[in-house]
Structure formats: structure tokens, C-alpha cells
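Have a look at the structure below before the remarks.
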Amino acid sequence: MISSNDYGSHSWELLVTVDHQHQEVQKEFLLRVTGDLHIGGLMLKLVEQIKISQDWSDYAFWWEQKKCWLLKTHWTLDKCGVQADAKLLFTTQHKILRLRLPNMKTVRLKVSFSSMVFRAVSDICKILNIRRSEELSLLKQSEDTLKKKKKKDKNGKEMVTEDILNLCNSPLSSGLSGSPGLYSKTMTPVYDPITGSPASSTITWFSDSPLTEQNCSILAFSHPNCSPETLAEMYQPRTLADKAKVNAGWLDSSRSLMEQGILEDDQLLLRFKYYTFFDLNPKYDAVRINQIYEQARWAILLEEIDCTEEEMLIFAALQAYHVSKLSLSSETQDFTCESEVDEVEAALSNLEVTLEGGNASNILEDITDIPKLADNLRLVRPRKLSLKAIKPYWFVFKDTSVSYFKNEESAKGEPIEKLNLKGCEVVPDVNVAAKKFGIKLLIPIADGMNEVYLRCDDEDQYARWMAACVLASKGKTMADSSYQPEVHKILSFLKMKNWTISPQAVSDPESIDMKPECFVSLRYTKKYKSKQLVARILEAHQNVSQMTLVEAKLRFIQAWQSLPEFGLSYYIVRFKGSKKDDVLGVSYNRLIRIDIATGDPITTWRFSNMKQWNVNWEIRQVAIEFDQNVSIAFTCLSADCKIIHEYIGGYIFLSTRSKDQNETLDEDLFHKLTGGQE
307 MISSNDYGSH
317 SWELLVTVDH
327 QHQEVQKEFL
337 LRVTGDLHIG
347 GLMLKLVEQI
357 KISQDWSDYA
367 FWWEQKKCWL
377 LKTHWTLDKC
387 GVQADAKLLF
397 TTQHKILRLR
407 LPNMKTVRLK
417 VSFSSMVFRA
427 VSDICKILNI
437 RRSEELSLLK
447 QSEDTLKKKK
457 KKDKNGKEMV
467 TEDILNLCNS
477 PLSSGLSGSP
487 GLYSKTMTPV
497 YDPITGSPAS
507 STITWFSDSP
517 LTEQNCSILA
527 FSHPNCSPET
537 LAEMYQPRTL
547 ADKAKVNAGW
557 LDSSRSLMEQ
567 GILEDDQLLL
577 RFKYYTFFDL
587 NPKYDAVRIN
597 QIYEQARWAI
607 LLEEIDCTEE
617 EMLIFAALQA
627 YHVSKLSLSS
637 ETQDFTCESE
647 VDEVEAALSN
657 LEVTLEGGNA
667 SNILEDITDI
677 PKLADNLRLV
687 RPRKLSLKAI
697 KPYWFVFKDT
707 SVSYFKNEES
717 AKGEPIEKLN
727 LKGCEVVPDV
737 NVAAKKFGIK
747 LLIPIADGMN
757 EVYLRCDDED
767 QYARWMAACV
777 LASKGKTMAD
787 SSYQPEVHKI
797 LSFLKMKNWT
807 ISPQAVSDPE
817 SIDMKPECFV
827 SLRYTKKYKS
837 KQLVARILEA
847 HQNVSQMTLV
857 EAKLRFIQAW
867 QSLPEFGLSY
877 YIVRFKGSKK
887 DDVLGVSYNR
897 LIRIDIATGD
907 PITTWRFSNM
917 KQWNVNWEIR
927 QVAIEFDQNV
937 SIAFTCLSAD
947 CKIIHEYIGG
957 YIFLSTRSKD
967 QNETLDEDLF
977 HKLTGGQE
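Residues in the sequence shown are numbered from 307 upward in steps of one, following the working numbering.
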């Protein structure tokens, strides 16, 4: 018999399930509680009943019906809303998760399932030694990808046993404070900027971390490419709608993994979500650079981003000989050997390189003089019912506008037309082999985009005008400090494309041990025979043969960034007032409305012109207001509108970063900009 004293006037029974590994001990406990009992008191009461001597510090209550954690131990059951019908699970906050990295390697590590995804990704990046964790996030694989895998299994093809890197013993991974792998909060160089291998004493500093020697090489170096058969079996998004499905899988950064239905030992993709790679430095970022390179490489191989044949061969050349072969040779180095160069001398030489980066003599000139370009170019206007009209004019580029005149003499008068390039789309139209140097301008007008082509005579002229157009589209003039670096970047990319056939290089393609199908997308393996591809890749390789390993990867990333579609994430939306679906492209500095049938841009809106944005959570509609009384509203059809809302807020948050922040992030500001109604 239970005495009446055991029953308080407000007490009731609460069922709690304990997630422990002891088979002989019961897992369900019925506790008599009152509404004014706090969560910490409930934990104490439960642990006393369990009678198992172990560390319970990582355990917390998970409320199954409400899909939420009860982490505020000072809150009472009444304040949390817990009543007799609640089912609580007492479980560990850190659980094992399998992560597929951009280089297609899988790591197994313990991750906090109770922290917001933003914080969880930060902890993951510390274990993996990737700086700037705010650029990455976790992605659920799309159903189409999983369907293709299941279909492959049904066809009877045996899956290759995946080599999983186990980092479960990491101090950070276990939820303890400890040595954070090779992650360096102080700016002490931790990598050789030439080879990307750990600096001489780094391994010994962090020898208690699982991310040493062999593990570091798996993350920081590229490995032999997959077979053409494996490449053919991987999911490739063919249309804009397919690409939109992939982007629907991003997890909500403001909620925990458990709240989003992720279970222990599930597999997620760790990917660079935001395409603004801040402060890339070979001395600290060998893993980060390699993972960005790998994400770029797979995006090109799987045709997630379009590129020309010339560009594909450059990407293939950088992969084929540089990154693959140099990575293999770098891996054989002894990481723990002492450097012959005095470390102080090395630090001084690094400092000298840093100081030489800026040229002070041009600063005053930049402030006082706004440069302008004036030259003869050809103007091409597409016509629907006839051939393109190509006419030479005298062009003048000043501030963010291009004006053109009949000839140089008439430049003192009124121009034939003045084109304001602020907010326009700038697309390269180049074929170096054919000596074609074109700039395609898509200029926003009231009812769509005004399409204009400029044709340049040579590489130098193209680089100067292209750089000016790119800056003008962002609202910057040629007086901006980024103009000259942009010109050099364009010229270096053109130089890589500009190869001539060397009889020495291609005399005997059969003698070269290379599978070209591993380095180009399926479209080109179908178009050319293997021998032809080897010969063409060797031609392209002549211009990149002198690069170091890290330089080759950085050049690859730079070339990827130069592609017109770089950094665009696609979503299917329905604009307010429209009767048909459109595609919305979200980039680091703009939104683009794209015709879903043709893939042509319709309108561009720059973040720099955005005054405010908000979400009507009841009808799931995103509304954005821009300068000059321009406002748009749309509902998202291919994903939750919270994902687009987070993308916009995330890019605005990343634009506030500066190098003097000492890598500390304002996490509260991120959640204010991306969290929505919360």
C-alpha cells in the first residue's frame, strides 16, 4: 500500500526512458514529480533511481512529442510545459555522425545533437582544422541521389567498402575541452605554404589529437581520382529544377540536429554553403584550401556548373598532373622531420612577402584620380529576325557607366547611348584559340534585361574592360583598390587558356599513364576518344607546369570563381502576381530571377541596394524592398522559405567580417539575421 503522504495535491507520474548501454538495468522509469520541480532536480531524482555509477554530465532530456531539448536546468516542469502525458528520453547530447566531406571522404565523429547547427559546424571544423566555419553547413542528401544509389545496388553492382576516417576519440568530439587538432587560434603558421604539409613542430604540439600525420594528409591532400564508371554512377543534376532539389537539403542553422530529425550514425554532407572564401592563407588553411578545391572539382566533373571546352581542359590539366601527382609526392614526406631553415628566418621572409603585398606609392594617385578607359570596341546587339549587327564605336568607361560615340572626335559631344552597369550581369564570352574576346552585358531595365555584347581586340584590352565591367556591376569604380588585382586575375586565367600545340608534349599520348575520363565531365568523354583527350590535356598543361601544389589548387579555385555561374544556389519560386514558376538564383552579392524554361536571366537585384527583407511565416512568403521603390515578394516551391531567408541573412552577415576580428564571430548577430521568427 502507498501511504497518502506519498501523493501531493499536485504530484503526478512522469515516464522517463534512459538511453544507456547496460543490458541488465531497466530503461524505463516512472517518477512521481510536481510542477515546481526544476529540470536539474528531475535529473538528480532519475540518476538516484538508475543506480548506475557513470558520468552523466553529457546527458539531457529530449521531449519526443515536442521535438525539443530541455537544456535550461533551472526551469521548472510547469515553465517548460511538461505534464503527465509527456514522454522524456534521457540521452547523450553528443552522438556519432558520419560526415561526407567535399573530397568525398567520410569521417566519423561525435557531434553535439543539442547545439544549434551553426555551433555544431564550428566544433566540427575545429576537429578537422578548417578555419572560417561560418562558410560551411550541413546538407541532407536529396532523394534523387539516394534513389540512384538504391538503383545501383539493385543492379547487382557491389559497393566498394568505404574507407571511413574515425575521429570519435577527439577531445572536442567527446564534448570535452582539449587540444583542437591543428586548428590554431593564434596566427602561428601551421602549414608549409608551398606543399601544404604541416609545419615542422605542429605535429608535436598537438600530438594528443587524432588529426595528425596520416589523418591530416587525408584531409589536406587530394587523392587519386575515382574511376570513370564511378563518376558515371554518381547523381548529376541536369536541369535548374534538379539543382534546386539539391539545395533544398540545407539544415536550419538555428535549430539542433535532433530537432531536424537527424539520428545517431546518420550521414550528412559537410559543404561550403556560402561562396565567400575569406582570408585564404596557405600557411593556415591547407585543409580548407584542399576541401574548397575538391568541392569545385566535383562541381565541374558532375556538371553542377557550366564551363566551356577550353575551361574544362584547363581544369583537367590542373588536376591531372599537378594536384594528383604532387599530392602523392607530398604525402611521402616525413612530417615530423626538422626544417633546415631557421624558423625565425622563415618568419621574417613570410613577413617580407606580406609587407610587399601592398604598394604604397599608388595610394595617393588612387585617391585623387578616378581613371577612365577610352578605346575602339565593337558593339554587338542581338536581333531576333536577322543576323547580329556588329559595328565599331568609340567607347568611354567612366565611374560605373559606359558611353559610346560614332568616333573619337565626337566624344566631346553627347553619346549615342549611355549604359549604366550598376547591378548588371557580366558574362565572359571568350575563346582564346579563336581570338574571340567578348563581354556579354545583361543590363536591368523596366521589363527585363537589355542584352549588349562588347568585342575587344586582344587579351590586354579585354582584361581592362572586363575588370571595369565587373567592378561597375558591384557599384565600384576603377579607382577601387581591387581593379588592378582583377585585371591580373583575368590575364592569368587567359594565359592558362592560351596554349599552343607542342610536338614534344603530345608526340606519344599512349606513353602517358593517365585516364583522361577521370578529369573531365561525361559530356567530353562522349565527345572525344581517350587519346584525343590526353593530347588536349597535355597541350593545356604546358601553361600550368611550373606551379607548386598549393598554387595549382588556388589557381583552380580562382578559375572556378571566374565562371559565370559560380556561387549561384537555385530555388524554384513563384513571384507575387506571376502565373508561372521561376528560378531564383542566390549569390553572395545578388538575387537573379531566371526563366525556368530557357535558363536566361530576367532581372537582377543587388544586396547593396536592399533596404529590408522579411518573411510572412503564415503564408511562407519572402518580401524584399530595394532602393528606388523596387519591391518583390515570392513563395518558395522547392524548399522551405526559411532556407532562402537564411541564405540572404547569411551573406549579409559574412559581409561584416574583417581581419581585425581575431576570428571571433558575433553568433548572436548571425541568428538575428538568419533566425526568422525565433
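Idealized CB from N, CA, C, for every residue including glycine.
Using the rule of at least 16 other Cβ atoms within 10 Å of the residue's Cβ for burial, across every protein chain shown, is residue i buried or exposed?
i, result
"residue 742", "exposed"
"residue 687", "exposed"
"residue 328", "exposed"
"residue 449", "exposed"
"residue 553", "buried"
"residue 400", "buried"
"residue 791", "exposed"
"residue 262", "There is simply no residue 262 to check, as the chain begins at 307 and stops at 984 in what is shown."
"residue 763", "exposed"
"residue 409", "buried"
"residue 829", "exposed"
"residue 715", "exposed"
"residue 430", "buried"
"residue 594", "buried"
"residue 322", "buried"
"residue 600", "buried"
"residue 473", "buried"
"residue 533", "exposed"
"residue 698", "exposed"
"residue 919", "buried"
"residue 437", "buried"
"residue 316", "exposed"
"residue 380", "exposed"
So residue i and residue j are supposed to be a Cβ contact under 8 Å. How far apart are they, rounded?
i, j, result
"residue 542", "residue 617", "Contact doesn't hold; Cβ gap of about 18 Å is too wide."
"residue 677", "residue 769", "Residue 677 to residue 769, Cβ: 14 Å. No contact."
"residue 907", "residue 747", "No, residue 907 and residue 747 are not in contact; Cβ-Cβ is about 11 Å, not under 8 Å."
"residue 960", "residue 582", "5 Å"
"residue 396", "residue 324", "5 Å"
"residue 827", "residue 546", "That pair is no contact at about 17 Å."
"residue 842", "residue 941", "The pair is not a contact, with the Cβ atoms about 46 Å apart (cut-off 8 Å)."
"residue 877", "residue 890", "5 Å"
Rounded to whole angstroms, what's the CA-CA distance from residue i to residue j? Just pull it up for me.
i, j, result
"residue 439", "residue 965", "15 Å"
"residue 795", "residue 561", "40 Å"
"residue 427", "residue 443", "6 Å"
"residue 758", "residue 728", "14 Å"
"residue 337", "residue 352", "7 Å"
"residue 403", "residue 704", "54 Å"
"residue 578", "residue 407", "10 Å"
"residue 557", "residue 682", "51 Å"
"residue 331", "residue 602", "51 Å"
"residue 359", "residue 979", "44 Å"
"residue 899", "residue 936", "14 Å"
"residue 319", "residue 342", "14 Å"
"residue 356", "residue 367", "15 Å"
"residue 364", "residue 432", "20 Å"
"residue 963", "residue 977", "15 Å"
"residue 973", "residue 421", "13 Å"
"residue 586", "residue 598", "10 Å"
"residue 849", "residue 772", "22 Å"
"residue 780", "residue 725", "15 Å"
"residue 512", "residue 555", "With a pLDDT of 42 at residue 512, under the threshold of 50, the predicted position of this residue should be treated as unreliable, and no value is reported."
"residue 740", "residue 803", "11 Å"
Could you tell me which residues DSSP puts in a beta bridge with residue i?
i, result
"residue 744", "735, 761"
"residue 877", "890"
"residue 339", "318"
"residue 697", "685"
"residue 568", "In the DSSP output, where bridge partners are listed per residue, residue 568 has none listed."
"residue 443", "577"
"residue 367", "376, 396"
"residue 611", "Note: residue 611 sits in no beta bridge, so no partner."
"residue 911", "897"
"residue 723", "710"
"residue 556", "445"
Cβ-heavy atom distance between residue i and the ligand ZN below 6 Å?
i, result
"residue 556", "The ligand ZN is not part of this structure, which contains no ligands at all."
In the stretch 378-434, which residue ranges form an unbroken alpha helix (DSSP H) of at least 4 residues, counting only runs that do not cross its ends? Complete alpha helix (DSSP H) runs here, min 4: 383-386, 423-434.
Curious, which full-length beta strand (DSSP E) runs of at least 3 residues does the stretch 916-958 contain? Runs of the beta strand (DSSP E) lying entirely within the stretch 916-958 and spanning at least 3 residues, in chain order: 916-922, 927-932, 936-942.
Taking the runs of the alpha helix (DSSP H) that are 4 residues or longer, which of them lie wholly in the stretch 837-881? The alpha helix (DSSP H) runs of length 4 or more contained entirely in the stretch 837-881 are, from start to end of the chain, 855-867.
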